[in-house]
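In terms of the numbering used here, the sequence shown opens at residue 3 and continues consecutively. Glycine residues also receive a C-beta, built at the ideal position from the N, C-alpha and C atoms.
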Amino acid sequence: MSGEANPFESLQEQVDDAAAYLDVSGDVLERLKHPERVLELNLSVDLDDGSVGRFRAFRSEFNGDRGPYKGGIRYHPGVSRDEVKALSGWMVYKCAVVDIPYGGGKGGIDVDPAEYSAAELERITRSFAEELRPFIGEDTDIPAPDVNTGQREMNWIKDTYETLENTTEPGVVTGKSLESGGSEGRVEATGRSTMLTAREAFDYLGKEMEGADVAVQGYGNAGHIAAYLLEDLGADVVAVSDSSGAIYHEHGFDTRDVKEHKNETGSVTGYGGADEQFSNEDLLTFDVDLLVPAALENAVDGDLARDVRADVVVEAANGPLTPDADDVLTERDVAVFPDILANAGGVTVSYFEWVQNRQRFYWSEERVNDELETQIVSAFEDLIDCYEALDVPNFRTAAYVVAIQRVVDAYMDNGNWP
Ligand code: GLU
3 MSGEANPFES LQEQVDDAAA YLDVSGDVLE RLKHPERVLE LNLSVDLDDG SVGRFRAFRS
63 EFNGDRGPYK GGIRYHPGVS RDEVKALSGW MVYKCAVVDI PYGGGKGGID VDPAEYSAAE
123 LERITRSFAE ELRPFIGEDT DIPAPDVNTG QREMNWIKDT YETLENTTEP GVVTGKSLES
183 GGSEGRVEAT GRSTMLTARE AFDYLGKEME GADVAVQGYG NAGHIAAYLL EDLGADVVAV
243 SDSSGAIYHE HGFDTRDVKE HKNETGSVTG YGGADEQFSN EDLLTFDVDL LVPAALENAV
303 DGDLARDVRA DVVVEAANGP LTPDADDVLT ERDVAVFPDI LANAGGVTVS YFEWVQNRQR
363 FYWSEERVND ELETQIVSAF EDLIDCYEAL DVPNFRTAAY VVAIQRVVDA YMDNGNWP
């Protein structure tokens, strides 16, 4: 991380920027900048060596005006209350911009999963799920995967919840394995929405994707899938990175092969086809047509933004640009397509998973991908309509204007109780 911006303050600044273009009263605006409820936990879990591990864990329920709180759970060292609050707010606006009937939530545990055995991670996850049980449910708050969590953790949460509640309720959590009630296409969904956003953005800007040079920062679930789907569209993915460093190849990588190398060795670095090795930060300033930050928040701050040479940035990570970076890139005419649209495929297919769980009727992968494309393309069009109609400074502000208006409309229609 090059920037030290507090992500919660970044979220509030983004909401304020958009509110300037909306007719929203000060009180309502304040509601949109603070979570409704934050749960902070201290989990005590038996470790394999007989000692007891203590872990700080959080779940922030930001806003439920449009539906149940929805959002992932991340396992990462240093996960903090403010980080989770910000991420839960981004979920509210993400669900609103793609117009799915959810509010926003997010959770996390301050843990480095690489330091624990699978049995320990299972106990940590089940302990968290037990504490979350009074708050979660298919109509109240629905967790999902996020950084360093996936199907395995979601299956554990579902099983813990269902066992304690003596029920079957697969829609209590999304991102499960297929056997456990997951959806076709869910694993690819985040990267797929990044590809679709980039494709629509290039089309809108009159740029060719065929032969475009692309750099992808982060080679986890979102990054590597976005990379191979962009390669499938004809782009040259010339640079990729992970926390160990970046690799560059002027003619573009076979991105699936790079992933196999990472699976075998733990990193993209040292991949055979690479010309030479660079730092993760170098990659952000490579001279490319498209930059896809797909790692963590605050990857690009105001200083680094001055050196970004990409024409277009499509955010696969949540919050990878600080507000200062946004200002600099807007001033430099770099087109930034925001996270709340570009990585919304994950939660959109979570929504499809939840619909399938509730109907106990499962869709083909083709249907999932078609419905996802419809949802993302339509959200992209709404964003462009707003951008052109209101003359907002950048696409992020346009996305927030669309999203905030939808949340405010729901709130005003619902009214307050009592
Ligand atoms: N963690 C993902 C996100 O940040 C997915 C959330 C979900 O599927 O609910 O959008």
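Please classify GLU190 as buried or exposed, where buried requires at least 16 neighbouring CB atoms within 10 angstroms.
Buried, since its Cβ has 16 or more Cβ neighbours within 10 Å.
With H, G and I counted as helix, E and B as strand and the rest as coil, what does DSSP make of ASN168?
Correct three-state label for ASN168: coil.
Tell me whether ILE138 sits in a helix, a strand or coil according to DSSP, three-state version.
Here ILE138 sits in coil by DSSP.
For the segment 341 to 359 against the segment 179 to 198, do three or more pairs of beta-carbon atoms, one drawn from each stretch, fall closer than 8 Å, so that the two count as touching?
Touching, yes.
Which of the three DSSP states is assigned to TYR71 in this structure?
In the structure shown, TYR71 sits in a strand (DSSP, three-state: E or B).
Comparing alpha-carbon positions, which option in ASP112, THR399, PHE64 lies nearest PRO340?
It is THR399 whose Cα lies nearest to the Cα of PRO340.
State yes or no: is the C-beta of ASP148 nearer than 6 Å to some heavy atom of ligand 1?
Under cutoff, so the answer is yes.
I'd like to check one pair, VAL47 with ILE126: are the Cβ atoms closer than 7 Å?
Against a cut-off of 7 Å, the Cβ pair of VAL47 and ILE126 comes out as a contact.
In the structure shown, what three-state DSSP assignment does ARG39 receive?
Of the three classes helix, strand and coil, the one that applies to ARG39 here is strand, per DSSP.
Within 10 angstroms of its Cβ, does GLU202 collect 16 or more other Cβ (buried), or is it exposed?
Looking at its Cβ environment, which holds 16 or more other Cβ atoms inside 10 Å, GLU202 is buried.
Under DSSP, the beta strand (DSSP E) around ILE111 begins and ends at which residues?
Per DSSP, ILE111 belongs to the beta strand (DSSP E) from 106 to 112.
Answer with buried or exposed for THR421, where buried requires no fewer than 16 other C-beta atoms within 10 angstroms of its C-beta.
Examination of residue 421 is not possible in this model, given that the chain is present from 3 through 420 alone.
Please confirm whether any heavy atom of ligand 1 lies closer than 6 Å to the CB of ARG359.
Checking the sequence shown, residue 359 turns out to be Asn, not Arg. No - ligand 1 has no heavy atom lying nearer than 6 Å to the Cβ of ASN359.
With 16 other CB atoms within 10 Å as the buried threshold, where does THR199 fall?
Classification of THR199: buried, given that the 10 Å Cβ count is 16 or more.
Which class does PRO395 belong to by DSSP, given the choice of helix, strand or coil?
Coil.
Could you check what DSSP says for HIS253 in three-state terms: helix, strand or coil?
It is coil, neither helix nor strand.
Does the distance between the C-beta of ASN320 and the nearest non-hydrogen atom of ligand 1 fall short of 6 Å?
Result yes, Cβ under 6 Å from ligand 1.
Could you tell me which uninterrupted alpha helix (DSSP H) segments, each at least 4 residues in length, are contained entirely in the segment 221 to 255, listed from first to last along the chain?
Entirely contained in the segment 221 to 255, the alpha helix (DSSP H) runs reaching 4 residues are, in chain order, 223 to 234.
Going by beta-carbon coordinates alone, are GLY173 and ASN359 separated by less than 7 Å?
Contact: yes.
Following a CB-centred definition, is VAL349 positioned closer than 6 Å to any heavy atom of ligand 2?
This structure simply doesn't include ligand 2; it includes ligand 1 instead.
Any heavy atom of ligand 1 within a distance shorter than 6 Å of the CB on GLY107?
No, since every heavy atom of ligand 1 falls outside the 6 Å radius drawn around the Cβ of GLY107.
Along the chain, where does the alpha helix (DSSP H) containing ARG188 start, and where does it finish?
Looking at the DSSP string, the run of the alpha helix (DSSP H) that includes ARG188 is 188 to 207.
Hey, is LYS160 close to ligand 1, as in C-beta under 6 Å from one of its heavy atoms?
Incorrect: LYS160 has no Cβ contact closer than 6 Å to ligand 1.
Rounded to a whole number of angstroms, what is the C-alpha to C-alpha distance between ARG68 and MET414?
C-alpha separation (whole angstroms): 11 Å.
Is SER352 close to ligand 1? I mean its beta-carbon at under 6 Å from any heavy atom of the ligand.
Yes, the Cβ of SER352 comes within 6 Å of a heavy atom of ligand 1.
Counting Cβ pairs, one atom from each stretch, are 3 or more of them under 8 Å apart for the segment 314 to 329 and the segment 239 to 248?
Too few Cβ pairs lie closer than 8 Å, so no.
Is the closest heavy atom of ligand 1 to the C-beta of ASP74 under 6 Å?
It should be noted that the sequence gives Gly, not Asp, for residue 74. The answer is yes for GLY74.
Going by C-alpha to C-alpha distance, which of ASP326, VAL357, GLY225 sits closest to LEU293?
It is GLY225.
For a quick check, are the C-beta atoms of ALA20 and ILE386 less than 7 Å apart?
The answer is no: Cβ separation not under 7 Å.
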